[in-house]
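For the sequence shown, the positions run -24 to -1, 1 to 218 when mature numbering (1 follows the signal peptide of the UniProt record, and there is no 0) is used. Even glycine gets a Cβ: it sits at the ideal position worked out from N, Cα and C. Quantities reported herein were computed from a predicted structural model and do not represent experimental measurements. See below for the structure under consideration.
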Amino acid sequence: MKFLPVSILLLLLLGNSLFPLNYAVPSISLPNDRKVPAVFVFGDSIVDTGNNNYIKTSAKCNFPPYGRDFIGGKPTGRFSNGRVPSDLIAEALGVKKILPAYLDPNLQLQDLLTGVCFASGGNGYDPITSTLAPAFSLSDQLNQFKEYTQKIKSAVGEERSAAILSKSVFVICTGANDIVNNYFTLPFRRLHYDVNSYADFLVNSASSFIQVRTLSTTTATNRKNLSAKSGFMCHKIITAPY
């Protein structure tokens, strides 16, 4: 298979964005009037748009007051009162205002062709983290992405699917659960890592995921890295004993 360039947008620890649907999102200017055909998001609850609705986990938000500022004022599985960064990035890139969850049974072909979200609340770079809630691990999400690529190949052919993937933006947003729910809550990793070495472990895990993902389809030549503080932890609120 011919290797094609893609863009990867890496968000290691992104603060939550609780914006209603009508919030004005600034557009992102791309060089040479480049058009982004699709957005694909991997990660945790900060960017999960509803995948956890379809698995047995304590990391759920398909109940009020979540979603009160979303379309219809109903919870969608987003860990937010409105949209989440996945939606905002897709809109800012001119793709669409809502990025659907990959596991949504109501997805149409056009939804698939313009991108979906594979993120799962409770996920982390550390494989142990995703077993706690539980959540789909990054390996699980990568397998879902491989399944996705086969679906669109069957629907529109290998040439068009390769063209879509080569120009799409890939977002990874996870890491907060590794620190809060794993390292500082459970003793296992602290027996083998101090904070600095555990951070190195997470960075190496992130790098490995990117390499595996890109080799599974294309070669990434344009990579952007963003980071910010984590601003919330819904799982802690749900499971707190008070």
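- Between Pro61 and Ile4, the C-beta spacing is not below 8 Å.
- Along the stretch 106 to 164, the alpha helix (DSSP H) occurs as fully enclosed runs of 4 or more residues at 114 to 132, 134 to 143, listed in sequence order.
- A distance of 8 Å or more separates the beta carbons of Gly19 and Ile155.
- Three or more Cβ pairs closer than 8 Å define a contact, and the stretch 50 to 60 falls short of that threshold against the stretch 127 to 143.
- Burial is judged here by how many other beta carbons sit within 10 angstroms of a residue's own beta carbon; Lys36 has at least 16 and is buried.
- Under the rule that a run must span 3 or more residues, the beta strand (DSSP E) segments found entirely inside the stretch 5 to 41 read 15 to 19.
- In this structure, DSSP gives Arg166 a helical state, which the three-state scheme calls helix.
- Burial check for Gln84: the Cβ neighbour count within 10 Å stays below 16, so the residue is exposed.
- Taking one beta carbon from each stretch, the stretch 66 to 77 and the stretch 114 to 122 have fewer than 3 pairs nearer than 8 Å; the two do not touch.
- Per the C-alpha coordinates, the member of Arg166, Tyr124, Asn157 positioned closest to Leu89 is Tyr124.
- Proximity to Pro103 across Val15, Tyr174, Phe16 peaks at Tyr174, based on C-alpha coordinates.
- A residue is called buried when at least 16 other Cβ atoms come within 10 angstroms of its Cβ; Thr105 meets this threshold and is buried.
- Thr33 is a Cβ neighbour of Pro110, given a cutoff of 8 Å.
- Asp45: not part of any alpha helix (DSSP H); DSSP gives it neither H nor E.
- Ranked by how close their Cα comes to the Cα of Arg10, the residues Asn38, Thr107, Arg166, Val145 have Val145 in first place.
- In the three-state DSSP reduction, Ala77 falls in the strand class (E or B).
- Taking all protein chains in view, the Cβ of Thr107 is surrounded by fewer than 16 other Cβ atoms within 10 Å, so the residue is classified as exposed.
- Note on geometry: alpha-carbon atoms of Cys93 and Val171 lie some 30 Å from one another.
- With respect to Asn28, Gly70 sits apart: the two C-beta atoms are not nearer than 8 Å.
- Separation of the CB atoms of Tyr101 and Ala14 is rounded to 24 Å, and the pair is thereby denied contact status at 8 Å.
- Between the alpha carbons of Lys129 and Leu141 lies a distance of about 11 Å.
- Looking from the CA of Ser115, the closest CA among Ile186, Asp176, Gln126 belongs to Ile186.
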